[in-house]
Amino acid sequence: MAARTVLDPHVQEHLRLEAFEGKFDVKDLVGSISEKLIAQSKADPGPFDPKPFIHTFEAAVDKLIAVRKDVQAKTEQMEKIVRTTEREYSKKMAELDKGFESVGQSFSGMESKMNEVGRTAIRIGEQLESVHHQRQRAQAAYDLIDYYNQFSKDDTVRLDALKKEGKEGRRQVAVLLRRLNVVAKEVDLPHADKTRENVDRYCEKFEKDMLHLFDRAYRKGDPKMMHHCAQTLLDFNGGASCVQVYVNQHDFFINRVRETSNMEEDLWHTLPGPNANPPTSESGLNELFQEIRTTVGQEAQIVQAVFPNPPFVMQVFLQRVFAQSIQQYMEQLLNRAAGLSDLAFLRILQLVHQQTALLIEDLKAYEVSSVIPRSPSDMGDFNLMLNAAPSSAAATTAATVSTMLETAMEELFVPYTEGQRYLEKESKSLGELYANYLSNFTRYHERNHKGSKSSMFDRMVNQLSAAASNTSTSGTSTTSAQAAAALMRFGGLSADREKDKLGEDPIREEDGQVSVQIAERMLKWHAEAIGRCVEMSSANDVPKHTFALLRVLAAVIGNAYVEPALETAQVRLEAADTKSEPSLQALTVVHEVDLICHLWQHYVNMALLPLSSSSVTVRREMVVFNNQTVSRIEGAANHLMQRLADAIISWLSAQLAKQKRNDFKPRNDDLSFARVNTEPCVACCDVLEKVRDAAKANLSGKNLEVFLTEIGVAFHSLLLDHLKKFPVSATGGLMLAKDLKSYQDIISSFSIPSLHERFEFLRQLGNVFLVRPDILKSYITEGYLGRIDSTLLRPYLAQRVDWGQAEKGFNDSTEDVNLSEGKGLKDRLGMGRLSMIMKDLEPLKDMSIRDMSLPALSSSIPTNFSMSSRFGR
Numbered sequence: 039m040a041a042r043t044v045l046d047p048h049v050q051e052h053l054r055l056e057a058f059e060g061k062f063d064v065k066d067l068v069g070s071i072s073e074k075l076i077a078q079s080k081a082d083p084g085p086f087d088p089k090p091f092i093h094t095f096e097a098a099v100d101k102l103i104a105v106r107k108d109v110q111a112k113t114e115q116m117e118k119i120v121r122t123t124e125r126e127y128s129k130k131m132a133e134l135d136k137g138f139e140s141v142g143q144s145f146s147g148m149e150s151k152m153n154e155v156g157r158t159a160i161r162i163g164e165q166l167e168s169v170h171h172q173r174q175r176a177q178a179a180y181d182l183i184d185y186y187n188q189f190s191k192d193d194t195v196r197l198d199a200l201k202k203e204g205k206e207g208r209r210q211v212a213v214l215l216r217r218l219n220v221v222a223k224e225v226d227l228p229h230a231d232k233t234r235e236n237v238d239r240y241c242e243k244f245e246k247d248m249l250h251l252f253d254r255a256y257r258k259g260d261p262k263m264m265h266h267c268a269q270t271l272l273d274f275n276g277g278a279s280c281v282q283v284y285v286n287q288h289d290f291f292i293n294r295v296r297e298t299s300n301m302e303e304d305l306w307h308t309l310p311g312p313n314a315n316p317p318t319s320e321s322g323l324n325e326l327f328q329e330i331r332t333t334v335g336q337e338a339q340i341v342q343a344v345f346p347n348p349p350f351v352m353q354v355f356l357q358r359v360f361a362q363s364i365q366q367y368m369e370q371l372l373n374r375a376a377g378l379s380d381l382a383f384l385r386i387l388q389l390v391h392q393q394t395a396l397l398i399e400d401l402k403a404y405e406v407s408s409v410i411p412r413s414p415s416d417m418g419d420f421n422l423m424l425n426a427a428p429s430s431a432a433a434t435t436a437a438t439v440s441t442m443l444e445t446a447m448e449e450l451f452v453p454y455t456e457g458q459r460y461l462e463k464e465s466k467s468l469g470e471l472y473a474n475y476l477s478n479f480t481r482y483h484e485r486n487h488k489g490s491k492s493s494m495f496d497r498m499v500n501q502l503s504a505a506a507s508n509t510s511t512s513g514t515s516t517t518s519a520q521a522a523a524a525l526m527r528f529g530g531l532s533a534d535r536e537k538d539k540l541g542e543d544p545i546r547e548e549d550g551q552v553s554v555q556i557a558e559r560m561l562k563w564h565a566e567a568i569g570r571c572v573e574m575s576s577a578n579d580v581p582k583h584t585f586a587l588l589r590v591l592a593a594v595i596g597n598a599y600v601e602p603a604l605e606t607a608q609v610r611l612e613a614a615d616t617k618s619e620p621s622l623q624a625l626t627v628v629h630e631v632d633l634i635c636h637l638w639q640h641y642v643n644m645a646l647l648p649l650s651s652s653s654v655t656v657r658r659e660m661v662v663f664n665n666q667t668v669s670r671i672e673g674a675a676n677h678l679m680q681r682l683a684d685a686i687i688s689w690l691s692a693q694l695a696k697q698k699r700n701d702f703k704p705r706n707d708d709l710s711f712a713r714v715n716t717e718p719c720v721a722c723c724d725v726l727e728k729v730r731d732a733a734k735a736n737l738s739g740k741n742l743e744v745f746l747t748e749i750g751v752a753f754h755s756l757l758l759d760h761l762k763k764f765p766v767s768a769t770g771g772l773m774l775a776k777d778l779k780s781y782q783d784i785i786s787s788f789s790i791p792s793l794h795e796r797f798e799f800l801r802q803l804g805n806v807f808l809v810r811p812d813i814l815k816s817y818i819t820e821g822y823l824g825r826i827d828s829t830l831l832r833p834y835l836a837q838r839v840d841w842g843q844a845e846k847g848f849n850d851s852t853e854d855v856n857l858s859e860g861k862g863l864k865d866r867l868g869m870g871r872l873s874m875i876m877k878d879l880e881p882l883k884d885m886s887i888r889d890m891s892l893p894a895l896s897s898s899i900p901t902n903f904s905m906s907s908r909f910g911r
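Just so we're aligned, residue 39 is where the sequence shown starts under the numbering used here, counting upward by one.
Here it is as structure tokens:
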């Protein structure tokens, strides 16, 4: 066997055991071993010789095997050492565990013994404390008896000496005197009255001395002495007198008089004006409340430092603030406002309420602890009688400052909101505003109704009174509507009658016009009143108060504003001269009424009904009441529209009655052709055009369609009757055709599809006067008129001047037609649609605006809600 290759020292270095410690990479090892061989192979010429590589790697493997054996031997030796060491460690740990267990048992025994000793010590302590309390009670009883005996002898030397021992002595005297005072009242022995007088006299002197000491410390600014005096008096009798001295001498309450003469005049100038915005601030009130905030903030710190019962002191101080400062200034404001108007009074009341609520929220931040520290001199358990509460101060502190503030505010406004006072004031204010605002309107419409047997205004007053007397919500009757009704009746109507008599304030035409702007202003005033009502009334009263104010609004807008305008318009229509063209002003009135009703409904739905959500009963009553009111207005508007339609139809009938007998049988053909239309036709078309323009300007939607349909159908009926009355010549037929074409054109401009066929039939009917006699039968049997029963056309055919000549041939032909084709046609079409048009004329004449619910009239408003949509459904 060939000798092994001797490894290069460099390669041996890489095969040492230390080279394999840490990070090891096979590629790096092979590369380091082969590095020198590769260099030699590249330097030698000739083909590659692998033998050096083989020998080198064989030697390296042998070296690695030897290294592995050494490592394995060392590993085995170290494992033996580790096993031996582990056995020794386990043995030692077992010995330590036994030692620790023994120590733990020793400590457990010691702890048990200590617990037993502790329990014994506690029992001994309790017994000692009981003995100590008994001793204290005995000592306290002995001292009380001793002091009582001294007072019976009028001897106060010992007590005077104790009082002179300083702060602690005075506090002990306070406790003793409190107990002596109780004992003196309970003891019933000879000469007890004299002793009681002595005790009372000494107690009074002690209290005066302590108050004097407190006052001196207060003036010197010595909080420690003030605290001592307050605590001493608290132990003595609850400390109420000390608190009163502190509060009464406070600079905030001394010589503080605020007059309304310094109030801003701009506020009082605009305050009574209903169109001006309610005030949001008043300089004097702002100054007062800001001073209160600053003062209370300072006093809260002083009270905390000085008095042992801060909540009680803060409550006394704040009660004085409300009862004196705020109430006095509030009364000054309200008295001055009451001299202006009820509205000014209510606005100031709301302003003070708002500002006071904000003040209270700020003052609630000064809530302090209600714990009252007891005097260390108080021996506590002597006797329930002897340790009775010093006074009611402790009980008072149970009520927090926040609760006291809420109560103080409620008491501040009770004189103005108790019962029905506020609601009556609000209703009266609204009544005054509306009465003054509508005075000229009322006088105008009253003048238009003078002399009528049943004046609308008498009915209005009766309705107001009935509404007032029947206003009941949840069993509570309110007099708000009564006040409004009485004011409208006497303050408005009667005063205006006197003005009329005196010739003052002449009535103008525009005073009687109904306007949505006026209604908006009245709703704005009402919304302001509702806002005050929500703020000033309790949550339980808001629904019924809202309902009461709704009745006031309905009485004014409905009874006193909208309905008078509708009735006046109707009276004018009824009283108008039938020889003059009817006025279409009623459409403008209906249009404004429609807008007002929609505005009213929207206001009720958005503002009033949500306020009644807490009471199902009130909400239901409000819905029913409002629906009845709107229905009444709708009925009045529909009645007015019916009267207007009747007046228009009467006028059209009167114009047609002016048709001359020979208008369609002219003698002078040239003169006839020179005219475009006959005079009645021109007059009727002119009226219809005005009606169309006025209706489209004031109505829309279904309302416009129903109204114009009523006019068109009634006029169609007039024309059918009209054509039966006049003979028509061939030339006159042309004149008639012109008239009918004009009628058709003007009706077509109504844009009502149901009227188109009616007036197309009229035009075709007019052509029967134009065709030659020889083709007459074919025209009425084969054309547009072929669907009409021929018997219905005879009254019109009889007006042809040549009807006598054409009648015989017409009868023959029509009999044949009736026998052959007429029967089959009637079987297919019945009477025919156009023949039905003529048959249903009479029923159509009965259809009127009465059947047009003012729902339709309401569509003229450019909004999504309509008068017909009852709210609350």
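We treat Cβ as the ideally placed atom computed from N, Cα and C, and that holds for glycine. This one's a predicted model, so the numbers in the text were calculated from it and none came from an experiment.
> Is the number of C-beta pairs between the stretch 305 to 318 and the stretch 230 to 240 that are closer than 8 Å three or more?
Replying inline: no
> If you pair each beta-carbon of the stretch 764 to 771 with each one of the stretch 827 to 844, do three or more pairs fall below 8 Å?
Replying inline: yes
>> As an exercise, report each continuous alpha helix (DSSP H) stretch of at least 4 residues that is fully enclosed by the stretch 729 to 783, in chain order.
In response: 739 to 761
>> Just to confirm, is the Cβ distance from GLU573 to HIS391 under 8 Å?
In response: yes
> Excluding sequence positions up to five away, which residues of its chain have a Cβ less than 7 Å from the Cβ of SER780?
Replying inline: ASN715, CYS719, CYS723
> Nearest CA to the CA of LEU726: which residue from GLU444, SER786, GLU154?
Replying inline: SER786
> Straight-line CA distance for PRO317 to ASP260?
Replying inline: 45 Å
> Which residues does DSSP pair with ARG838 in a beta bridge?
Replying inline: VAL766
>> Please report the straight-line C-alpha distance between ILE790 and ALA733, rounded to a whole angstrom.
In response: 13 Å
> Using DSSP with H/G/I as helix, E/B as strand and the rest coil, what is ARG705?
Replying inline: coil
> Contact between the stretch 749 to 762 and the stretch 668 to 687: three or more CB pairs below 8 Å?
Replying inline: yes
>> For the alpha helix (DSSP H) containing ILE71, name the first residue and the last one.
In response: 64 to 81
> Between LEU867 and the rest of its own chain, which residues show a CB-CB distance below 7 Å, the 5 nearest in sequence each way excluded?
Replying inline: Confidence in LEU867 is poor, its pLDDT being 31 and thus under 50, which makes the residue's placement unreliable; the coordinate value appears in the next sentence. The answer, listed in chain order, is ARG825.
> Taking the alpha carbon of LYS582 as the point to measure from, which residue in VAL628, MET660, PRO544, GLN366 has its own alpha carbon closest?
Replying inline: MET660
> So is PHE145 buried or exposed if we call it buried at 16+ other beta carbons inside 10 Å?
Replying inline: exposed
> Quick one, which of SER691, MET442, LEU384 has its alpha-carbon nearest LEU471's?
Replying inline: LEU384
> By a C-beta neighbour count over all protein chains shown, 10 Å radius and 16 as the cutoff for buried, is SER618 buried or exposed?
Replying inline: exposed
> Quick one: what does DSSP say SER652 is sitting in, helix, strand or coil?
Replying inline: coil
>> Using a 10 Å radius around the Cβ and a threshold of 16 neighbouring Cβ atoms, would you call ILE364 buried or exposed?
In response: buried
> Are LEU381 and SER467 touching if we call contact CB-CB under 8 Å?
Replying inline: yes
>> Which of the three DSSP states is assigned to GLY673 in this structure?
In response: helix
> Apart from the five residues just before and just after PHE355, which ones in its own chain have a Cβ nearer than 7 Å to its Cβ?
Replying inline: VAL285, GLU337
> In the structure shown, what three-state DSSP assignment does ALA178 receive?
Replying inline: helix
> Would a C-beta distance cut-off of 8 Å place ILE545 and ARG485 closer than the cut-off?
Replying inline: yes
>> Please give the ranges of any alpha helix (DSSP H) in the stretch 306 to 375, keeping only runs that are unbroken, at least 4 residues long and fully inside the region.
In response: 321 to 344, 348 to 358
>> Using a 10 Å radius around the Cβ and a threshold of 16 neighbouring Cβ atoms, would you call THR584 buried or exposed?
In response: buried
> Any chance the stretch 671 to 681 sits against the stretch 642 to 659, with 3 or more Cβ pairs inside 8 Å?
Replying inline: no
> Taking C-alpha atoms, which residue in ALA179, PHE345, ALA376, PRO312 lies nearest to TYR475?
Replying inline: PRO312
> Does DSSP put VAL552 in a helix, a strand or coil?
Replying inline: coil
> Can you tell me whether TYR460 is buried or exposed, with buried defined as 16 or more other CB within 10 angstroms of its CB?
Replying inline: buried
> Are there three or more Cβ pairs, one per stretch, closer than 8 Å when the stretch 210 to 226 is compared with the stretch 262 to 282?
Replying inline: yes
>> Output needed for TYR367: all residues of its chain with C-beta closer than 8 Å, excluding positions within five of it in sequence on either side, in chain order.
In response: ARG296, GLY322, LEU323, LEU326
>> Can you give me the C-alpha to C-alpha distance between SER518 and VAL590, rounded to a whole angstrom?
In response: Caution is warranted here: a pLDDT of 43 is assigned to SER518, below 50, making its placement in the model unreliable, and the coordinate value is therefore given only provisionally. SER518 and VAL590: Cα-Cα distance of roughly 8 Å.
>> Out of ALA403, ALA395, GLU405, which one is the CA nearest neighbour of GLU448?
In response: ALA395
> Under a Cβ-count criterion, where at least 16 other Cβ atoms within 10 Å of its own Cβ denotes burial, should VAL195 be classed as buried or exposed?
Replying inline: exposed
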